[in-house]
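Before any comments, here is the structure.
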Amino acid sequence: CRHCQRRRNIGAKDADKSRAVLEAAVQYVRDNEEIRDVLITGGDALLLSDKTLDWLLGELDSIPHVEIKRIGTRTPVTLPQRITPELCAILEK
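Numbering (the numbering used here), first residue to last: 1 to 93.
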């Protein structure tokens, strides 16, 4: 995607999204009841830490009007070792 291409071209490293940025995004979803479907992306969402991904999915689960959560990722193809039993347990919740 364009995110990764720009990173390679510019040489910037991806940093974990700050908790404040993610909290603001979750609050936006919480405040806008017309949002039923959330796509987590922005680079590759499965490159978030297990702890962050678990927290984020839990927050989205707590929003009654969010019916669908999707994760935009190429990780299973590009970094299959990231798919650990711990990650699978988080995704199964």
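Note that CB positions come from ideal geometry on N, CA and C, so glycine has one too.
Check                                                                                                    : Outcome
Contact check, L56 vs L91, beta carbons under 8 angstroms                                                : no
G43 versus R36, E86, T75 and P64, residue with shortest Cα-Cα distance                                   : T75
Burial state of E40, where buried means 16 or more other Cβ atoms lie within 10 Å                        : For the record, residue 40 in the displayed sequence is Ile; it is not Glu. The residue is buried, with at least 16 neighbouring Cβ atoms inside 10 Å.
Whole-number beta carbon distance between E67 and D37, since they are thought to touch under 8 angstroms : 7 angstroms
Which of helix, strand or coil DSSP assigns to V66                                                       : coil
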